[in-house]
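One structure below.
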Amino acid sequence: MPPRPPPALHLPPEDLEGVTEDTWLDVIHKMEEVYSKLVTDEVELEEKNAQLEQSQQFIFSLLSSMSDVLIACNQDGLIEESNAALCELVGRSEQDLLGTPVPDLLADAQSVQRWQLAMYHAAAHEVAVVELNLRDAQGLPVPVDMSCTPRHNSTGRQVGRVLVGRPLGELKRAYHQLREAHDALKLAQQQLLHSEKMASLGRLVAGVAHELNNPISFVLGNVHVLQRYGTRLGRYLEAVHQLDLPAPIQALRQELRIDTLVNDLPSLMEGTLEGAQRTADIVDGLKRFSSASQGKITPVELNAVVERAIHWVQKGTAPNFEIQWTRGPDCHVSGNAGQLLQVMMNLIQNAADAANANTSAGAAAPQLRISLTQQDRQVQLRFSDNGPGIAAAHLSRIFDPFFTTKSIGKGTGLGLSISYGLVQQHGGHLTCANLPEGGAEFTLVLPMASLV
Ligand SMILES: Nc1ncnc2c1ncn2[C@@H]1O[C@H](COP(=O)(O)OP(=O)(O)O)[C@@H](O)[C@H]1O
Ligand SMILES: [Mg+2]
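Right, dumping it as structure tokens:
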């Protein structure tokens, strides 16, 4: 504003007689002084105003460009100042936020409690850091690490608090995704290691089975022939012994204990045959674990297979074993019905063995839950028992051929390895885990037969 011109000087009328010219000049001089001071003050005031406006503008631009949220509140926790980041986060205007109690912006009771602790219980000069969940514009909680600093007026009296914080939502989400990706990678790595191990075991076992197959077939075939020969020889000797044999022959019969020997022969043959047969069965099992031959492939309805497996196990070794079966919708996989039945029976038999082994006092009655579900053209069968579960150290070895914790004669350790191989050959996978409530759970996933 340009300085105002000095007021026009009018000489006084004649009635101001006695006032000398000097006095008038003095007055005029003083008036000019006062006026020029007024002008200087006004200029100064305007400069200060401009400075104030500038610094206000600066503060406003700072507040607007801050990506952290900011709240200044009074001693009662009512908002006195906020910034654009906060307005955007909570979906309210600055005007609207003015005078709002801070707890109104919080998403849960826990945050309110933390806020109250920081606001009213932290010492007057203490900077408290609290994790608060602000409610965003959609009503969802957004975690923010807030530093809550006391605010003082010019006389040093505390007049409220300033809260500044960075919304962690994005960061946390990114961290969460990273952790999930890491877990998935770890799992994939474990699965890769496991399938590598199973594949090399498969090759080894296939070689061993191939090498054993021929000799054991000779042994079995020859023992069968020997059995027949033995019977015939026995009959012949019986006839010879009816004759009146010379004394040296009779003595030799006694000396060589021919009668005992002939009596022992059948049981010896039977023992040999049984051993040879068991070896042949093991070789057969090893071949199934490793071979790619799948037998006859037809569409197989899995619910029916599970029901047959339950029937056979209950009829065989576990008549009192309680099985809760949740039938799924009809579903067909393409495979070999006999082999799939064998897999299910192995799993059910193992569950029965495990659950029955839990004989500690107060243990629940042995029980197995089986369910069948379908998703994304895959069938999932879960076998969850209430046995003792699988020891952590055994989890990675349970599908190895000959791994067993059962006593000799009770377990061969082949059931799961054969099942694993069969399921792989059907394009599926078999996994195991322990249930949080105890007991083991085997999950069998098979691809559904393609729609014709
Ligand atoms: N449901 C289960 N609960 C606990 N352990 C199990 C279960 N199923 C299998 N196992 C463990 O896996 C081992 C291997 O099983 P498997 O290959 O069928 O051989 P086997 O039954 O002859 O021992 C078992 O000896 C047992 O230790
Ligand atoms: Mg078994």
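Per my numbering, the very first residue in the sequence shown carries number 37; after that it's consecutive.
Glycine residues also receive a C-beta, built at the ideal position from the N, C-alpha and C atoms.
Check	Outcome
Within 8 Å, strictly: CB atoms of Val-497 and Asp-144	It is not possible to answer for residue 497, since the shown part of the chain is limited to 37 through 488.
Reduced DSSP secondary structure (H/G/I, E/B, other) of Gln-90	helix
Cβ pair count under 8 Å reaching 3, the stretch 346 to 363 against the stretch 374 to 385	yes
Euclidean distance between Cα positions of Phe-419 and His-212	31 Å
Closer than 7 Å: Leu-497 CB and nearest ligand 1 heavy atom	The requested residue 497 is not part of the displayed model; the chain covers only 37 to 488.
Delimiting residues of the alpha helix (DSSP H) encompassing Ile-285	283 to 291
Option in His-465, Asn-189, Glu-473, Glu-124 with minimal Cα separation from Gln-174	Glu-124
Host alpha helix (DSSP H) of Leu-452 (start-end)	451 to 461
For Arg-202: DSSP bridge partner residues	Asp-181
Of the listed residues Lys-442, Ala-429, Gly-423, nearest to Phe-478 (C-alpha basis)	Gly-423
Element boundaries [alpha helix (DSSP H), containing Arg-314]	294 to 326
Three CB pairs or more closer than 8 Å across the stretch 281 to 297 and the stretch 214 to 230	no
Which residues DSSP lists as bridging Phe-419, in chain order	Ile-406, Phe-478
Residue environment, Pro-437, which counts as buried when at least 16 other CB atoms sit within 10 Å	buried
Cutoff 8 Å; reference Gly-451; Cβ partners in own chain excluding five residues on either side	Asn-382, Gln-385, Asn-386
Straight-line gap, Asp-317 to Gly-238 (C-alpha atoms, nearest Å)	17 Å
Cβ-based burial, Val-342 [other Cβ within 10 Å; buried from 16]	buried
Heavy atom of ligand 2 within 7 Å of Gln-385 beta-carbon	yes
Ser-453 CB to nearest heavy atom of ligand 1 below 7 Å	yes
Secondary structure of Asn-356, DSSP reduced to three states	coil
Asn-356 beta carbon near ligand 2 (any heavy atom closer than 7 Å)	no
C-beta atoms of Leu-106 and Val-200 nearer than 8 Å	yes
Extent of the continuous alpha helix (DSSP H) run through Cys-123	120 to 126
DSSP beta-bridge partners of His-465	Val-481
Beta-carbon spacing of Ile-501, Leu-404 below 8 Å	The displayed coordinates of the chain run from 37 to 488. Any statement about residue 501 would go beyond what the structure contains.
Buried/exposed call for Tyr-272, threshold 16 Cβ in 10 Å	exposed
Near ligand 1: Asp-421 beta-carbon under 7 Å from a heavy atom	yes
Gly-447 versus Lys-351: straight-line alpha-carbon distance, rounded	19 Å
beta-carbon Phe-439 near ligand 1 non-hydrogen atom, thresh 7 Å	yes
Near ligand 1: Thr-409 beta-carbon under 7 Å from a heavy atom	no
Local conformation of Val-259 per DSSP, three classes	helix
Pairwise C-alpha distance: His-230 and Gly-464	15 Å
Of the listed residues Cys-109, Gly-127, Val-148, nearest to Thr-136 (C-alpha basis)	Cys-109
Where Leu-134 sits in the DSSP three-state scheme	coil
Which residues DSSP lists as bridging Pro-335, in chain order	Ser-370
Assigned exposure category for Ala-476 - 16 Cβ within 10 Å defines buried	buried
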